[in-house]
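This report refers to the structure that appears directly beneath it.
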Amino acid sequence: EHLADHPEMGAKPPELEGRHYHQIVEPPARVFYRSDGNKVFVLHVMRSERQFHITQLER
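Read in order, the letters of the sequence shown correspond to residues 12 to 70 in our numbering.
Quick look at the structure:
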(Lines of atoms letter the chains of each structure in order from A and count residues from 1; the text may use other names and numbers.)
(Lines give C-alpha, C1' and ligand atoms only; values in the text may rest on other atoms or scores of the structure.)
Protein backbone atom coordinates (compact mmCIF):
# COMPACT_ATOMS: atom_id res chain seq x y z
CA GLU A 1 0.00 0.00 0.00
CA HIS A 2 1.10 3.54 -0.66
CA LEU A 3 0.38 6.60 1.40
CA ALA A 4 -0.89 8.46 -1.66
CA ASP A 5 -3.49 5.75 -2.25
CA HIS A 6 -4.53 5.44 1.42
CA PRO A 7 -3.78 8.71 3.24
CA GLU A 8 -5.88 7.78 6.27
CA MET A 9 -3.80 4.66 6.99
CA GLY A 10 -1.44 6.41 9.39
CA ALA A 11 -2.21 6.64 13.09
CA LYS A 12 -3.28 9.86 14.80
CA PRO A 13 -0.30 11.10 16.85
CA PRO A 14 -1.26 11.16 20.55
CA GLU A 15 0.50 14.53 20.95
CA LEU A 16 -1.75 16.05 18.27
CA GLU A 17 -5.12 14.79 19.49
CA GLY A 18 -8.02 16.64 17.89
CA ARG A 19 -5.97 17.86 14.93
CA HIS A 20 -5.96 16.58 11.36
CA TYR A 21 -2.49 15.04 11.39
CA HIS A 22 -1.38 11.47 10.88
CA GLN A 23 1.89 9.68 11.42
CA ILE A 24 3.72 6.67 10.12
CA VAL A 25 6.48 5.17 12.23
CA GLU A 26 9.05 3.24 10.24
CA PRO A 27 12.10 2.92 12.52
CA PRO A 28 14.20 4.88 12.82
CA ALA A 29 11.86 7.50 11.32
CA ARG A 30 8.58 9.05 12.39
CA VAL A 31 6.77 10.89 9.58
CA PHE A 32 4.04 13.45 10.28
CA TYR A 33 1.67 14.35 7.47
CA ARG A 34 -1.78 15.63 6.61
CA SER A 35 -3.94 14.98 3.60
CA ASP A 36 -6.24 17.19 1.59
CA GLY A 37 -8.32 15.36 -0.98
CA ASN A 38 -5.93 13.44 -3.19
CA LYS A 39 -2.81 15.26 -1.92
CA VAL A 40 -0.54 14.28 0.97
CA PHE A 41 1.68 16.86 2.65
CA VAL A 42 4.67 15.57 4.61
CA LEU A 43 5.18 18.09 7.40
CA HIS A 44 8.01 16.72 9.49
CA VAL A 45 10.34 13.72 9.60
CA MET A 46 12.26 12.89 12.75
CA ARG A 47 14.02 10.02 14.47
CA SER A 48 11.43 7.97 16.33
CA GLU A 49 13.39 7.85 19.59
CA ARG A 50 13.46 11.66 19.93
CA GLN A 51 10.93 13.66 21.93
CA PHE A 52 8.33 15.39 19.75
CA HIS A 53 6.98 18.88 20.42
CA ILE A 54 4.24 20.58 18.39
CA THR A 55 6.51 23.54 17.57
CA GLN A 56 8.41 21.19 15.25
CA LEU A 57 5.42 21.30 12.87
CA GLU A 58 5.36 25.10 12.94
CA ARG A 59 8.86 25.55 11.53
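Every residue gets a Cβ at the ideal spot worked out from N, C-alpha and C, and that includes glycine.
Boundaries of the beta strand (DSSP E) harbouring residue 55: 50-58, taken from the DSSP string. Just measuring C-alpha positions, the residue of 58, 62, 63 sitting nearest residue 39 is 58. Boundaries of the beta strand (DSSP E) around residue 44: 40-47. With respect to the 8 Å criterion, residue 56 and residue 42 are classified as neighbours on the basis of their beta carbons.
Excluding sequence positions up to five before and after residue 26, its CB lies within less than 7 Å of the CB of 63, 65, all in the same chain and listed in chain order.
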